[in-house]
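Going by our numbering, the first residue of the sequence shown is number 21, and it counts up by one from there. Glycine included, C-beta positions come from ideal geometry on N, C-alpha and C. Every value quoted in this text rests on a predicted model; they were computed, and no experiment measured them.
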Amino acid sequence: MSVSMKDLDPAFRGAGQKDGLEVWRIENFKPVPVPTSSYAKFYMGDSYIILKTSALKNGSFRHDIHYWLGKDTSQDEAGTAAILTVELDAALGGRAVQYREVQGNETEKLLSYFRPCIMPQPGGVASGFNHVEVNEQEHVTRLYVCRGKHVVHVKEVPFSRSSLNHEDIFILDTKSKIFQFNGSNSCIQERAKALEVVQYIKDTFHEGKCEVAAVEDGKLMADAEAGEFWAQFGGFAPLPRKTTSEETGKDSEIAVKLLCFNQGKLELITSEPLVHDLLETNKCYLLDCGAEMYVWLGRSTSLQVRKGASESAEKMLVADSRTQSHVMKVIEGYETVMFKSKFREWPPTPDLKLSSEDGRGKVAALLKSQGLDVKGLMKSAPVKEEPEPYIDCAGHLQVWRVSGNGKTLLSSSEQSKFYTGDCYIFQYTYAGDDKEECLIGTWFGNKSVEEERVSAISLASKMVQAAKFQAVMARLYEGKEPIQFFVIFQSLQVFKGGLSSGYKNFIAQNGLDDDSYSEAGLALFRIQGSGSENMQAIQVDAVASSLNSSYCYILHDGNSVFTWIGNGTTSLDHDLVERQLDAIKSDLPSRSQKEGRETDKFWELLGGKTKYSNKKIEREQESDPHLFSCILSKGNLKATEIHHFTQEDLMTEDVFVLDCHSYIFVWFGQEVDAKVRTQAMDIGEKFIVRDFLMENLSRETTIFTVSEGSEPQFFTRFFTWDSTKSLMHGSSYQRKLAILKGGATRLLDKPKRRTPAVSGRSVGQDKSQRSRSMSTSPECHRVRGRSPAFAALTSAFEKPSTRNLSTPPPAVKKLFPKSAGPEVSKQSAISDLTSAFEGPLKRTIPKSVKAGQEAEKSIQEEDATGGDDGNEVEDDEGRTIYPYERLVTNAEDPAPDIDLTKREAYLSATEFSEKFSMTRAEFNKIPKWKQNKLKTALQLF
């Protein structure tokens, strides 16, 4: 069903073709566009049509159409708005969801378009039978009641003491001052949201020039502002309790009924429970849920039938005196989650495209069949770009294998070798702005045992708690890893079998064969990834059916090593297979096998040639994000979606889930109870099980838990983010009140977060120009396992042409602005740096290298034999080393013939770690100007 653009009202032509809002007012029964500057200005005597167009990640548009009815609008205008809404939907392809909105009872979705609130004004256009004259008058004192934690319903009530109660928040707008009265039983979140309305009233009706006062219920005349507030009502008096009808604010619940609109009449359908098969595509239905009513429009129905069903819904509400109920019209195939949830089961909905694209495809197919050139008629499929990780990949990585109830730290050479039967914990720290960011995660192999999965979560949770919840925690499953995981590990190998005690016990108890990877045995690896900073070798069954033309493979058996190049692979894939050979079989030569020209020996190792796939394995794609406010009570999770969310919606007292389909974030504020914080991962798991968006979430979907103030960039990118907002003390109400009154609450003792480089690379850098940020690269100066301070210091002396591109250049201020050149600046910087450390310092091991104490010991034992007697000693690489006392600028016996710009290069490994490490207490004793230089040069904290 569609409407010709010729028959469409001219005011609607071109509507819905770009992301954003469009508003029309009904004037003389015609839609008239409202100027953008007046979008939030509604009049009680008018009716409006609001179109919200949302651009989706798949390239299509989603449309939501609302028709808003002022309390003084005429019935004719209201009917006109309803009919025009149906016509507009038909012109847009018949896929929009339509909402009937009544003044004072708007849906949260509509209110989210016009934050902080909708405040209809008296008056309206001269049309219909309810002409209301607009009368400009002097400021009139008004009293409003505000309700809502996420969006605010504002309603004007009589300016009388009897309007007040203990449950709600009220705003008294006088000529010179705005009062917010907080009922004693109102919640913090509602108080904070009401302050946004106060700010709106101040800016809109007072030009920002009036005072603001907050009055707490229960404070009497002793408080000056409270006394001033009560004086407006003639003095204080006890407040009445809300009546039951006022407390509910909604129609009483009734049994859900399904009615079929058939030949102008409504017929009740008796079925318990409701199932999807009851809905026929050539009919329209009414689903009556009491406080809300849905009109379901079959895809094969005509425009007249749809209009008739809509009119029947309106008449039914009027007859039942339920004019405040919400009415939502949904089209077959584009039903809302709430509508589908009313049925026992709902089949999966395919990813439907725009009708215009369907039509263009049909025309192109017809012309092509006639031998005509259709180039340019069809839009090319969007190129799938590599998702950005939004994390610096130049950090420090530690990995533990979980075995039973304990964990074992892996060496740097083994930390990127995972087994599918094991569980792992990883901790990744990377430099922020004057502080370290930290990501602690668990990885579950597909064959890992449940006991060790539970143990891994418990151990990782304790690590996060030890970090005072300042670390981000992640729960990952094999095959469902996000891009952040891959760029952290950069080169990853996943082997069959397992090494943990839990896996070994499991296969022994069940009489299974241990198929753990053996270097001397037969093994086949699929190579995948997007570059040297993101590549994996995944061991698969060593049979021909495991091959795929879209990938390269490595096959080895004893001393025989083959690489197989699929016909659908690129030069990048060929480079990756060579790199992975270095990690898997670097000591043996390999024989290349191109698809279609394999040797008999190759097929013999795979047990013979069979059919295999040529389609690339599709991973879960990130979808348009949805934010939910979540409450966990008695084991049950309640989630409320926040429409068109912003950072302001993240209340410090609450827990939120950001659902991106391929992964979810559980965010908790600083004011959330400590017990609830420990349940963050459990909240995420329950959210996945409940699947509130009915999107068939996998039970293995990645979960990130994030605390307020420690949000990583791969979370904040979904918002327009201001890091200072999460660094303030107090409740959400206290923070907003302080800002509103012209001040600000005290900031937490945390530095402002920087914006890290995306994946540690320069934004916009061509992929071919990237260097590997791996410790095996000859051009890489960063070696995993060294402290961030060491990496930062050495990077200051590397040549610009060889600097690792994944590490941002150090920002070192010139000590002498008129310096002649870089060498002089380096010398001055080092002189100043070393002087800051003169005098004995207590030895402390940096946080980032504590796990490598055993490795450090061996170095210390080697270094302990020389360097202390004042004689020249050489290290393992033949370089001369000197004791620290001979390298400082004011040494009594300075080391001869050294490069003054590289003093640290002449220290032994032990003394370097010893002299360039200190406790925070020692650091705080250093003069402020020296602290700043040390922070810049070493990034110690």
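query                                                                                                                                                                                              : result
Run the CB neighbour count on Arg33, radius 10 Å, all protein chains shown included, and call it buried at 16 or more, exposed below.                                                              : exposed
If you draw a straight line from the alpha carbon of Thr660 to that of Gln283, how long is it in whole angstroms?                                                                                  : 38 angstroms
Let me make sure I understand the geometry here. Which of Ile411, Val43, Leu430, Gln667 has the alpha-carbon closest to that of Glu20?                                                             : As shown, the chain starts at 21 and ends at 961. That puts residue 20 outside it, with no answer to give.
Take Gly616 and list the residues in its own chain whose beta-carbon comes closer than 8 angstroms to its own, dropping the five residues that flank it on each side.                              : Asn587
Is the stretch 116–129 close to the stretch 343–350, with three or more CB pairs under 8 angstroms?                                                                                                : yes
Please report the straight-line C-alpha distance between Lys175 and Ala214, rounded to a whole angstrom.                                                                                           : 12 angstroms
At which residues does the alpha helix (DSSP H) containing Ala246 begin and terminate?                                                                                                             : 244–251
Does DSSP put Gly517 in a helix, in a strand, or in coil?                                                                                                                                          : coil
Of the residues Lys467, Gly465, Ala494, which one's Cα is nearest the Cα of Ser478?                                                                                                                : Ala494
Rounded to whole angstroms, how far is the Cβ of Leu28 from the Cβ of Ala111, which I believe are closer than 8 angstroms?                                                                         : 5 angstroms
Looking at the structure shown, is Phe738 part of a helix, part of a strand, or coil, going by DSSP?                                                                                               : coil
With 16 other CB atoms within 10 Å as the buried threshold, where does Leu608 fall?                                                                                                                : exposed
Let's test the definition: count the other Cβ atoms within 10 Å of the Cβ of Thr630 and tell me whether it reaches 16, buried, or not, exposed.                                                    : exposed
Looking only at C-alpha atoms, which of Phe739, Lys658, Glu728 sits nearest to Val709?                                                                                                             : Lys658
At what residue ranges does the stretch 450–501 contain a whole run of the beta strand (DSSP E), taking only runs of 3 or more?                                                                    : 456–464, 492–497
Excluding the five sequence neighbours on either side, which residues of its own chain have a C-beta within less than 6 angstroms of the C-beta of Gln209, listed in chain order?                  : Lys169, Met671
Can you name, in chain order, every residue of its own chain whose Cβ lies under 7 angstroms from the Cβ of Asp535, other than the five neighbours on each side?                                   : Lys516, Gly517
Can you tell me the Cα-Cα spacing of Leu387 and Cys680, whole angstroms?                                                                                                                           : The predicted position of Leu387 is uncertain, since its pLDDT is 45 and thus under 50; no value can be drawn from it.
What's the C-alpha gap between Ala31 and Val52?                                                                                                                                                    : 6 angstroms
Quick check on this structure: which residue in Arg421, Val357, Lys524 has the alpha carbon closest to the alpha carbon of Leu713?                                                                 : Val357
Where does the unbroken alpha helix (DSSP H) through Arg710 begin, and where does it stop?                                                                                                         : 700–710
Looking only at its own chain, which residues have a Cβ that is under 6 angstroms from the Cβ of Glu355, when we skip the five neighbours before and after it?                                     : none
Taking 6 angstroms as the limit between beta carbons, can you name the residues of its chain near Gln556, skipping five residues before and five after?                                            : Leu512, Gln548, Gly549
Please state the DSSP three-state secondary structure of Phe32.                                                                                                                                    : helix
Per DSSP, Asp193 is paired with what?                                                                                                                                                              : Arg162, Ile198
Once the 5 residues before and after Ser291 are set aside, which same chain residues still bring their CB inside 8 angstroms of it?                                                                : Leu278, Leu298
Could you tell me the alpha carbon to alpha carbon distance between Lys229 and Leu131, rounded to whole angstroms?                                                                                 : 26 angstroms
My output table needs one value for Trp584: the three-state DSSP class, helix, strand or coil.                                                                                                     : strand
Measure the C-alpha to C-alpha separation of Ser423 and Leu519 and round it to an integer number of angstroms.                                                                                     : 8 angstroms
Could you tell me which uninterrupted alpha helix (DSSP H) segments, each at least 4 residues in length, are contained entirely in the stretch 581–655, listed from first to last along the chain? : 591–604, 620–625
Near Val507, what residues of its chain come up, given a Cβ to Cβ distance below 7 angstroms and the 5 sequence neighbours on each side ignored?                                                   : Pro409, Ile411, Cys413, Glu553, Asn554, Ser779
Are Trp584 and Leu575 closer than 8 angstroms when you measure CB to CB?                                                                                                                           : yes
Out of Ser570, Ser649, Tyr902, Gly113, state which residue places its alpha-carbon closest to the alpha-carbon of Val686.                                                                          : Ser649
Is it right to say Glu365 is buried, meaning 16 or more other beta carbons lie within 10 angstroms of its own, or is it exposed?                                                                   : exposed
Can you tell me whether Thr722 is helix, strand or coil according to DSSP?                                                                                                                         : strand
Do three or more CB pairs link the stretch 43–50 to the stretch 133–148 at distances below 8 angstroms?                                                                                            : yes
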